[in-house]
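Reviewing the structure listed below.
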Amino acid sequence: MKKMIIKGGNRLAGEVTIGGAKNSTVALIPAAILADTPVQFDTVPDILDVHNLMIILESMNVKSTFTHGVLDIDPTQIVEAELPSQAIKSLRASYYFMGALLGRFHRAVVTFPGGDNIGPRPIDQHIKAFRALGATVTEENGTVHMNAPEGLHGARIFMDMVSVGGTINAILAAVRAEGVTTIENAAREPEIVDLATFLNNMGAKIRGAGTDVIRITGVQTLQSMNTHTIIPDRIETGTYLSLAAAMGDGVMINNVIPEHMEAFTSKMMDMGVDLQIGVDRIYVPAIGQLQPTIVKTMPYPGFATDLQQPLTPLMALANGQSKVVDTIYPKRVKHIPELQKLGMQIEAGDGEILINHSANFTGAEVQASEIRAGASLMITGLMADGTTIIHNADHILRGYDRIVWKLNRLNANVAIEEDD
Ligand SMILES: CC(=O)N[C@H]1[C@@H](OP(=O)(O)OP(=O)(O)OC[C@H]2O[C@@H](n3ccc(=O)[nH]c3=O)[C@H](O)[C@@H]2O)O[C@H](CO)[C@@H](O)[C@@H]1O
Ligand SMILES: C=C(OP(=O)(O)O)C(=O)O
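Heads up: the sequence shown runs through residues 116 to 535, numbered per the numbering used here.
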């Protein structure tokens with residue numbers, strides 16, 4: 116495990132460029148094994164999840180190389196193999212190999228995924244989709260066995276709740292299945308549209324991605340003709356928007372799709388941050404007095420659960436009490452005791468998080484229990500006097516592209532070291 120060391124208090128200024136979306140990338144890489152040709156992705160974030168997915172690909176004899184943000188994957192010599200359980204458990208999205216392997220080989224054996232420690236994360240909707248498409252699915256000692264000896268066939272799948280992972284896994288399994296699949300009550304996240312764009316450019320027939328009804332007509336082959344450029348990361352963008360407002364004297368955030376940020380940027384503007392939103396970048400000026408606000412997390416286009424913690428340090432600067440209600444992950448509260456150690460007036464109430472005005476933060480030793488808890492600690496550490504040490508910083512590195520380099524270019528003083 117690694118630790119992040121932050122010498123806080125520096126005012127931030129300059130420019131930062133957002134990388135490709137983690138939650139697109141971690142679906143696109145498993146999707147690549149559905150192709151009958153090599154594939155290439157551009158603006159790939161340099162994050163631990165990508166390196167662990169490359170280890171999983173390697174175990175199936177799928178060669179990949181990653182240089183300067185370009186990831187080449189050659190799935191043409193793929194073989195069925197036991198997947199490395201350590202890499203599978205290191206990230207949530209390894210569950211996409213269930214749908215992708217089912218789509219490719221009509222069978223798969225995958226251990227339960229890891230990912231962030233944010234409360235229960237069942238995958239019953241994924242399994243419901245695989246069964247609807249004709250697979251038998253059994254679970255034994257944390258390993259899922261899937262089998263469709265006659266191949267997969269199109270089906271109508273109604274998702275009981277809006278699930279990003281369930282929707283993506285259903286697409287991956289259905290894209291080469293025989294016949295037409297309809298996914299109803301589908302998730303509408305931009306990362307799902309990105310995946311559909313990649314697959315459609317290879318010959319898939321996916322219609323309606325970005326709405327709550329997705330129709331897929333199965334095709335026999337997928338062949339890549341061009342490089343797929345991954346959409347910018349909405350959550351990385353929100354994290355930099357928050358830290359730029361909290362500690363910045365003028366920060367330009369480049370490579371942004373502002374339409375993906377509306378729930379977040381409108382909340383910041385309500386608080387009193389005078390964001391200047393361009394076509395593909397957002398300027399964050401130095402702030403004045405901030406108003407408190409209320410955040411309720413929702414599926415897209417609502418306020419993302421992954422952004423409630425990154426906004427918390429900014430809420431603590433507001434002139435009054437702010438409130439967070441996380442309807443997606445009500446138990447996503449592990450950041451609270453750690454932020455208290457840094458001096459934040461924050462507490463868990465009845466199904467809600469209350470954040471009161473906090474005048475001063477002081478550096479301390481804290482633990483990042485998950486990626487976005489880590490992001491809120493990182494921002495607060497940048498605001499604090501003295502040194503903050505964030506243990507378990509690997510959680511942050513799972514999803515923040517070249518974070519030390521990007522922060523230090525903004526005049527922060529941040530380092531990553533091996534932890535004892
Ligand atoms: C790799 C990736 O893209 N991760 C994102 C994805 O996670 P993930 O895809 O795991 O999250 P889901 O959208 O599936 O989860 C949404 C809600 O549905 C519940 N649920 C989900 C599936 C299921 O079969 N049964 C069930 O009950 C979950 O417990 C949760 O309460 O979306 C989350 C919600 O926006 C984000 O926080 C994660 O960053
Ligand atoms: C919860 C998250 O990620 P994952 O689903 O990969 O654990 C996140 O990115 O905030």
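All C-beta atoms in this analysis are idealised placements derived from N, C-alpha and C, irrespective of residue type, glycine included.
query                                                                                                           : result
Beta-carbon spacing of V154, T140 below 8 Å                                                                     : no
Beta strand (DSSP E) runs wholly inside the stretch 119 to 199, at least 3 long, in chain order                 : 127 to 132, 154 to 157, 178 to 182 and 185 to 189
Any non-hydrogen atom of ligand 1 within 7 Å of M493 CB                                                         : no
Contacting residues, own chain, Cβ-Cβ under 6 Å from I409 (five flanking each side not counted)                 : K438
Short Cβ contact (8 Å threshold) for L422 with G353                                                             : yes
Delimiting residues of the alpha helix (DSSP H) encompassing L469                                               : It is not in any alpha helix (DSSP H) - L469 instead sits in the beta strand (DSSP E) that spans I468 to N471.
With 16 other Cβ atoms within 10 Å as the buried cut-off, status of N546                                        : The displayed coordinates of the chain run from 116 to 535. Any statement about residue 546 would go beyond what the structure contains.
R330: first and last residue of the uninterrupted beta strand (DSSP E) it sits in                               : V328 to T332
Contact test: I203 Cβ vs ligand 1 heavy atom, cutoff 7 Å                                                        : no
DSSP three-state assignment for I551, whether helix, strand or coil                                             : No statement about residue 551 is possible, as the shown extent of the chain runs from 116 to 535 and does not include it.
For H343, the residue or residues it bridges with in DSSP                                                       : F156
Ordered list of beta strand (DSSP E) runs contained in the stretch 256 to 310, each at least 3 residues         : 258 to 262, 271 to 273 and 295 to 299
Per-residue burial, N256 [other beta carbons within 10 Å of its own, 16 or more giving buried]                  : exposed
At least three beta-carbon pairs within less than 8 Å, the stretch 323 to 334 to the stretch 367 to 380         : no
Sequence-distant residues of the same chain with beta carbon closer than 8 Å to S339, five excluded per side    : A150, T152, P153, V154, Q155, N316 and M317
Proximity test, T226 beta-carbon vs ligand 3 heavy atom, cut-off 7 Å                                            : Ligand 3 is not part of this structure, which contains only ligand 1 and ligand 2.
Validate contact between the stretch 156 to 175 and the stretch 497 to 516 using beta carbons, cut 8 Å, 3 pairs : yes
K547 Cβ short of 7 Å to ligand 2 heavy atom set                                                                 : The structure shown does not extend to residue 547, since the chain is modelled only from 116 to 535, so the question has no answer here.
Spatially closest choice to I171 from T180, S209, L186 and A146, by CA coordinates                              : S209
Proximity to F273 [Cα-Cα], best of A289, T253, A301 and A292                                                    : A301
Buried versus exposed, by CB contacts within 10 Å (16 or more), E304                                            : buried
Any non-hydrogen atom of ligand 2 within 7 Å of K67 CB                                                          : With the chain covering only 116 through 535, there is no way to say anything about residue 67.
Cβ neighbour criterion (16 or more within 10 Å) applied to M498                                                 : buried
beta-carbon K137 near ligand 2 non-hydrogen atom, thresh 7 Å                                                    : yes
Neighbour flag for A285 against chain B, beta carbons, 8 Å                                                      : No chain B is present in this structure, which holds just one protein chain.
Top-ranked residue by Cα proximity to Y398, from A419, P428 and A359                                            : A359
Short Cβ contact (8 Å threshold) for L432 with A361                                                             : yes
Classification of K320 by the beta-carbon crowding that lies within 10 angstroms, buried from 16 upward         : exposed
D535 CB to nearest heavy atom of ligand 2 below 7 Å                                                             : no
Beta-ladder partner(s) of Q436, from DSSP                                                                       : None; Q436 has no bridge partner.
Sheet register partners of E462 (DSSP bridge)                                                                   : L469
Contacting residues, own chain, Cβ-Cβ under 8 Å from Q547 (five flanking each side not counted)                 : As shown, the chain starts at 116 and ends at 535. That puts residue 547 outside it, with no answer to give.
Heavy atom of ligand 1 within 7 Å of V141 beta-carbon                                                           : yes
Whether L217 touches A270 by CB criterion (8 Å)                                                                 : no
Secondary structure, alpha helix (DSSP H): runs of 4+ residues fully inside the stretch 341 to 387              : 349 to 362 and 377 to 386
For R207 and G464, the rounded distance between their alpha carbons                                             : 28 Å
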